[in-house]
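Contents: one structure, followed by commentary.
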Amino acid sequence: MNEIVDQQQFETHQAADDLRKGIKSVLGHAVQAYREELKVYQSLQNLNEVIGTEYGNRVIYELIQNAHDAHTSDERGRICVRLSIENMSQGTLYIANEGRGFSRQDIEAIKNLATSSKGIGEGIGNKGLGFRSIEALTQSVRIYSRSDTNGKEMFEGYCFRFADIDEIAQNIRALGVDDATSDEVAKTLPRYLVPVPLEVQPDDVRAFARDGFSSVIVAPLENEAAVTLAKTQVKELTNRDVPLMLFLDRITEISIEILSPDNKSEKCTMQRQQKALGIIPDSPHITLYEVNVGKRKRFLVAKSNVDKVRVHQAVTSSVSQAPQLKRWLNWKGTPVVSVAVGLNKSTVTSGRLYNFLPMSAEATSPIYGYIDAPFFADIDRRNADMNLPLNRLLMEVAAETCATAALSIVTRELAIGVHAVFDLFAWAGNHRRMMQTALERKETSLGKVRLIPVITAQGKQQWSSLQEVFIWPEGKFAILKPKDIARYSRAHLVSGELNTLRIARLREVAKFSYMLHSLDPTPQALAKWAEAFADSLVERKSPPAIWTKFYDDLVTLFAAAKVRLSTLEKCQILYDRQ
């Protein structure tokens, strides 16, 4: 055991020495720039302060993003978020992850703005800016990480914090620079350029190493605003309406804990399980999955690999509006767009766009579900301009994915809830045109495609189109039940599996597709159904009491449908001795 500890301490000292080597060079350059009246470091300092404020309430999302990206695409790791509150104005936030520890390249990416060690398409982050958001919470962040030796007792890799102004000034004086120059340079030099090794590890930090984590970011919270912001953001992670882990396929567990001053704790452990359901036979670039994130949150996820040629063309068209996208021309890996709809009826009641992690409430999805894509978003990932050619393409691919998945499920008669198929089909707002275009490419349309679930008396699920279906009027009926109407009159009535929200969405889709008839039953349809149902009563030899209920129900039905009873004047619905 002692030999292992000694080896870990030796590796820790090596990492510390490596950090120190670059400091002298950085300070020398900063002094030279000051003497030559170059404002480069002042500009970096100002930019750093702007970035820290831009992320606002997205700080913890950014840190979780980095924790996710520390894992390779074939890993399934853990993340721990722990907030320890000592009092109203003091606390500590810990964010730990498995995966790989910090590398020299990662440290350089932190030191130098917008030089992420991740290429476009290799992870969630790629701007090289997100880590700086930590300044919204603390000026004293500490980082502990392991090396590839995976030590258990302590973090033996790169462990460091960032020098404060006084420390920077002292280091400059050690180079033989006068006090006045040292003080002025220290004020303008970004602290992130001067990492300071941490050779002592408190037990609260070592505990994460013993638990198998590869890195932990420690953020001391030193005022009431920081404590409040951290607590609000940590609680937001558990929002069941916006599942945090839905598209984080490198992570199987995120544990969240808030320790209050009275030692009471709020704990939440979120887990993610994914099961492949196979590719779509005629569209092998689309794979279906079942994703379970707990608490009756089960999703059907359709993941589509996007043709890189299409992405390249869209990026090229977007560069004039967003010059930052030039880097995206060197996309690594395969762009992916994913769509998720609920497998439980109550799983989703609204929609949200994701950029791997949830975007803000304003970034609404056009479906009752979630759409994840590498949208080019605002710096804080709250929202994105959907008029940008790249983002428009990604939404078009989402529509194509939804159309293909829905048609495949129906054609192959897969055992997937009808509401899930409907949610894939029923797009909202202006984006509905994208679904119409996607269906036209499959030689059908919103009005003709048979993706509307209809009521069946028994047997397998049936589907109909907007041109054929009707919505059964609401009312209290004794014998005119929708299932029996469908059985005896062959009416195409929308399935009761669709709740009020989805029925309203269906009406919107019908209006958009310029249907010639309303989804409410026409007088002619009601009369036809009444005659057919009366014929069934004769065939079933129904007693007079049933006929009485039938006539009473007709009054209720026609009133609910706002149709005059005089429509029935010439219909054969009266039962006589013959």
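Residue numbers for the sequence shown follow this note's numbering, beginning at 449 and rising by one.
All C-beta atoms in this analysis are idealised placements derived from N, C-alpha and C, irrespective of residue type, glycine included.
Keep in mind it's a predicted model, so treat the numbers as computed, not measured.
*Which of helix, strand or coil does DSSP assign to Val767?*
Mapped onto the sequence shown, residue 767 falls at position 319. Reduced to three states, the DSSP call for Val767 is coil.
*asked:* Can you confirm whether the segment 827-846 touches the segment 781-801 when touching is taken to mean that 3 or more C-beta pairs between the two stretches lie within less than 8 Å?
replied: yes
*His879 by DSSP, collapsed to three states: which one?*
As a working mapping, residue 879 is identified with position 431 in the sequence shown. His879 falls in the helix class under three-state DSSP.
_Whole angstroms are fine: how far does the CA of Ser752 sit from the CA of Thr852?_
In the sequence shown, the residue the question calls residue 852 occupies position 404. In the sequence shown, the residue the question calls residue 752 occupies position 304. Approximately 10 Å, taken between the alpha carbons.
*Between which two residues does the alpha helix (DSSP H) containing Glu848 stretch?*
Taking the sequence shown and counting its residues from 1, the one referred to as residue 848 is at position 400. Taken as a continuous stretch (DSSP letters only), the alpha helix (DSSP H) holding Glu848 covers 837-860.
*Could you give the residue range of the beta strand (DSSP E) that holds Asn792?*
Position 344 of the sequence shown, counted from the start, is the residue given in the question as residue 792. It is not in any beta strand (DSSP E) - Asn792 carries neither H nor E in the DSSP assignment.
*Spatial distance of Ala655 from Ala584 (CA atoms)*: Here the question's residue 655 lines up with position 207 in the sequence shown. Here the question's residue 584 lines up with position 136 in the sequence shown. In a straight line, the C-alpha of Ala655 is about 26 Å away from that of Ala584.
*Hey, how far is the Cα of Leu946 from the Cα of Ile555?*
As a first step, residue 946 is located in the sequence shown; it is residue number 498 there, counting from the start. As a first step, residue 555 is located in the sequence shown; it is residue number 107 there, counting from the start. Rounded to whole angstroms, Leu946 to Ile555 spans 52 Å at the Cα level.
*Per DSSP, Tyr816 forms a beta bridge with which residues?*
Position 368 of the sequence shown holds residue 816. For Tyr816, which the question treats as bridged, DSSP gives no partner whatsoever.
*Give every residue of the same chain whose Cβ lies closer than 7 Å to the Cβ of Ile1021, excluding the five residues on either side of it in the sequence, and list them in chain order.*
If you number the sequence shown from 1, residue 1021 lands on position 573. These residues qualify, in order along the chain: Ala978, Glu979, Ala982.
*Just the C-alpha distance for Asn619 and Lys780, rounded to the nearest angstrom, thanks.*
The count along the sequence shown starts at 1 and reaches residue 619 at position 171. The count along the sequence shown starts at 1 and reaches residue 780 at position 332. Approximately 41 Å, taken between the alpha carbons.
_Could you pull the DSSP bridge partners for Asn803 from this structure?_
In the sequence shown, the residue the question calls residue 803 occupies position 355. Looking at the DSSP assignment, Asn803 forms a beta bridge with Leu805.
*Confirm, please, whether the CB-CB distance from Thr680 to Ile704 is below 8 Å.*
The residue labelled residue 704 in the question sits at position 256 within the sequence shown. The residue labelled residue 680 in the question sits at position 232 within the sequence shown. Against a cut-off of 8 Å, the Cβ pair of Thr680 and Ile704 comes out as no contact.
_So for Lys1018, helix, strand or coil by DSSP?_
Within the sequence shown, the letter at position 570 stands for residue 1018. Correct three-state label for Lys1018: coil.
*Run through DSSP, which three-state label would His477 get?*
Looking up residue 477 in the sequence shown gives position 29. Three-state DSSP puts His477 in a helix.
_Proximal residues to Pro992 (C-beta, below 6 Å), its chain only, five neighbours per side dropped_ = Along the sequence shown, one-based indexing puts residue 992 at 544. Excluding positions up to five away in sequence, the list is empty.
_Considering only their Cβ atoms, is the gap separating Phe960 from Leu941 smaller than 8 Å?_
On the sequence shown, residue 941 is found 493 positions in, with the first residue counted as 1. On the sequence shown, residue 960 is found 512 positions in, with the first residue counted as 1. Their beta carbons are not under 8 Å apart, which means Leu941 does not touch Phe960 by this criterion.
_Rounded straight-line distance, which links the Cα of Ser768 to that of Asn835_ = Locating residue 835 in the sequence shown gives position 387, where the first residue counts as 1. Locating residue 768 in the sequence shown gives position 320, where the first residue counts as 1. Cα-Cα distance, rounded: 13 Å.
_Can you tell me which residues form a DSSP beta bridge with Phe918?_
As a first step, residue 918 is located in the sequence shown; it is residue number 470 there, counting from the start. Note: Phe918 sits in a beta bridge opposite Leu941.
*Does the distance from the C-beta atom of Tyr592 to that of Ser491 stay below 8 Å?*
Indexing the sequence shown from 1 puts residue 592 at position 144. Indexing the sequence shown from 1 puts residue 491 at position 43. No, the Cβ-Cβ distance between Tyr592 and Ser491 is not below 8 Å.
_Tell me which residue opens and which closes the alpha helix (DSSP H) that Asn514 is part of._
For the purposes of this step, residue 514 is identified with residue 66 of the sequence shown, where counting begins at 1. Here the alpha helix (DSSP H) through Asn514 covers 507-517.
*asked:* I'd like the span of the alpha helix (DSSP H) that includes Ser630, first residue to last.
replied: Sequence index remark: in the sequence shown, residue 630 carries index 182 (1-based). Counting along the chain, the alpha helix (DSSP H) containing Ser630 begins and ends at 627-636.
*In terms of DSSP beta bridges, what is Lys751 paired with?*
Along the sequence shown, one-based indexing puts residue 751 at 303. Answer is Thr735, Ser786, bridged to Lys751.
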